[in-house]
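Please read the structure below before turning to the comments.
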Ligand SMILES: Cc1cc2nc3c(=O)[nH]c(=O)nc-3n(C[C@H](O)[C@H](O)[C@H](O)COP(=O)(O)OP(=O)(O)OC[C@H]3O[C@@H](n4cnc5c(N)ncnc54)[C@H](O)[C@@H]3O)c2cc1C
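Shown next, in the form of structure tokens:
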């Protein structure tokens with residue numbers, strides 16, 4: 030439908046949309062007055078997944094289900110969505126900020142010859158126009174922008190937009206269009222291994238514990254993981270820690286890593302360099318633990334503890350355990 034706001038589904042690769050989609054669909058519904066359609070490219074959709082999208086508020090699910098969509102490859106996904114968008118003329122196409130959607134949406138914008146507002150922190154209809162608010166200069170300023178033509182393409186920062194309330198029994202119509210699938214010129218992924226820390230995913234977590242160079246070595250992250258296990262937090266890292274090989278790059282928070290916006294961010298032995306702040310300064314509550322009272326992170330922290338993290342972390346773990354066991 031020409032007035033529809035499309036939401037490109039980010040799934041867990043097991044057939045279920047990620048919970049960040051509730052935020053994207055909720056925002057799309059608010060902006061469009063309910064004209065929301067989901068576009069789901071997958072090799073295995075599940076009935077449960079489709080049901081979930083409907084309950085969040087998608088009126089229709091464009092289901093492009095094909096073995097060629099896994100693993101994700103931009104050169105297969107982008108033309109398939111572009112072809113469908115050209116045929117259906119949605120008014121907007123929204124997606125969450127994730128590694129693959131960042132790439133996919135940029136390619137889609139190029140194919141559709143329209144603008145992309147990346148990493149939006151606010152969206153609003155002003156009359157007939159959509160206005161996006163997004164950070165610039167590593168988050169030092171917020172810029173407002175509008176598009177010259179439709180579809181309006183935007184990626185939405187997780188944990189910023191209000192998630193849709195699921196309405197049990199609300200169902201989406203399902204359309205299964207056929208997509209022409211170009212042979213992928215590149216095959217970059219030979220083997221995929223799922224590695225689970227047992228903790229929530231960094232970009233989706235409501236609480237994030239970030240360990241910097243002050244952690245002193247990879248072996249010490251176990252104390253953050255233990256605390257994370259008690260309070261249901263994800264564990265991330267600064268680039269200094271990642272560059273030192275202590276944590277894989279997927280855990281890096283910052284300008285050249287992940288952008289997070291949790292309800293609570295706790296930095297342990299993180300100095301607060303501008304490039305780190307770029308990835309976490311929109312966290313709702315920021316707590317810094319650093320033994321240097323002059324560390325720049327204290328300038329943006331809501332709460333600060335000037336102390337040795339190796340004393341603070343076990344004490345927090347013990348105290349949270351005690352409180353939660355009550
Ligand atoms: C182009 C570019 C992109 C970049 N992208 C990123 C990015 O995406 N993410 C990112 O994080 N950085 C990024 N950086 C690097 C950034 O500039 C900093 O170098 C990095 O963030 C520093 O990491 P850190 O805070 O862990 O280390 P440091 O700056 O070395 O700080 C370590 C802190 O730990 C404290 N400390 C030490 N021991 C303890 C203890 N026992 N208890 C408590 N506190 C302790 C120290 O007082 C210090 O403040 C980028 C840099 C460039 C140039």
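Numbering (the numbering used here), first residue to last: 30 to 355. Ideal placement from N, C-alpha and C gives every residue a C-beta, glycine not left out.
| Item | Value |
| --- | --- |
| Here's a check: name, in chain order, each residue in its chain whose Cβ is nearer than 8 angstroms to the Cβ of residue 154, leaving out the five neighbours to either side. | 60, 160 |
| Nearest-angstrom Cα distance between residue 356 and residue 168? | There is simply no residue 356 to check, as the chain begins at 30 and stops at 355 in what is shown. |
| Answer with buried or exposed for residue 32, where buried requires no fewer than 16 other C-beta atoms within 10 angstroms of its C-beta. | exposed |
| For residue 189 versus residue 39, is the C-beta spacing smaller than 9 angstroms? | no |
| Whether or not the region 197 to 209 and the region 130 to 150 are in contact is what I'm after, with contact meaning three or more pairs of Cβ atoms, one per stretch, closer than 8 angstroms; do they touch? | no |
| For residue 40, which beta-bridge partners are listed by DSSP? | 46 |
| Here's a check: name, in chain order, each residue in its chain whose Cβ is nearer than 6 angstroms to the Cβ of residue 265, leaving out the five neighbours to either side. | 231, 237, 239, 280, 282 |
| So, with DSSP's three-state summary, where would you put residue 185? | strand |
| Please determine whether the Cβ atom of residue 349 lies at a distance below 8 angstroms from any heavy atom of ligand 1. | no |
| For residue 71, which three-state DSSP category applies? | strand |
| Give me the Cβ distance between residue 105 and residue 277, rounded to the nearest whole Å; I'm assuming they're in contact under 8 angstroms. | Wrong, their Cβ atoms sit about 26 angstroms apart, outside the cutoff. |
| Below 8 angstroms on the Cβ atoms is my contact criterion, and I expect residue 326 with residue 312 to pass it. Report the Cβ-Cβ distance as a whole number of Å. | Contact doesn't hold; Cβ gap of about 12 angstroms is too wide. |
| Thinking just about the alpha-carbon of each residue, which of 202, 148, 118, 225 is nearest to the one in residue 284? | 148 |
| Can you tell me where the alpha helix (DSSP H) with residue 329 in it begins and where it stops? | 326 to 329 |
| In its own chain, which residues sit with a C-beta less than 6 angstroms from the C-beta of residue 176, not counting the 5 before and 5 after it? | 144 |
| Could you pull out every residue in the same chain whose Cβ sits closer than 6 angstroms to the Cβ of residue 35, ignoring the five residues on either side in sequence? | 66, 68, 119, 122 |
| Could you tell me which residues DSSP puts in a beta bridge with residue 280? | Beta-bridge pairing links residue 280 to no other residue. |
| Would you report the Cα separation of residue 101 and residue 129, rounded to the nearest angstrom? | 8 angstroms |
| At the level of alpha carbons, what is the spacing between residue 316 and residue 262? | 14 angstroms |
| Answer yes or no: do residue 78 and residue 55 have a C-beta to C-beta separation smaller than 9 angstroms? | no |
| Check this for me: beta carbons of residue 269 and residue 310, under 9 angstroms apart or not? | no |
| Rounded to the nearest angstrom, how far is the Cβ of residue 206 from that of residue 91, given a contact under 8 angstroms? | 6 angstroms |
| Identify, in the order they occur along the chain, each residue of the same chain with its Cβ nearer than 8 angstroms to the Cβ of residue 343, setting aside the five sequence neighbours on each side. | 252 |
| Going by the CB atoms, is the gap between residue 98 and residue 76 shorter than 9 angstroms? | no |
| Please report how far the alpha carbon of residue 306 lies from the alpha carbon of residue 222, in whole angstroms. | 30 angstroms |
| In or out: residue 300 buried (at least 16 other Cβ within 10 Å) or exposed? | buried |
| For ligand 1, I want to know if residue 285 counts as a neighbour, meaning its beta carbon is within less than 8 angstroms of at least one of the ligand's heavy atoms. | yes |
| Excluding sequence positions up to five away, which residues of its chain have a Cβ less than 8 angstroms from the Cβ of residue 350? | 259 |
| Kindly provide the ranges of any alpha helix (DSSP H) runs that are 4 or more residues long and lie completely inside the region 220 to 254, ordered along the chain. | none |
| What residue range does the beta strand (DSSP E) around residue 82 cover? | Looking at the DSSP string, residue 82 is not in any beta strand (DSSP E); the run it does join, the alpha helix (DSSP H), is 76 to 85. |
| My guess is that residue 133 and residue 109 are in contact by the Cβ rule of under 8 angstroms, so how many angstroms apart are they, rounded? | Not a contact, Cβ separation roughly 10 angstroms. |
| Look up residue 102 in the DSSP assignment and say whether it is helix, strand or coil. | coil |
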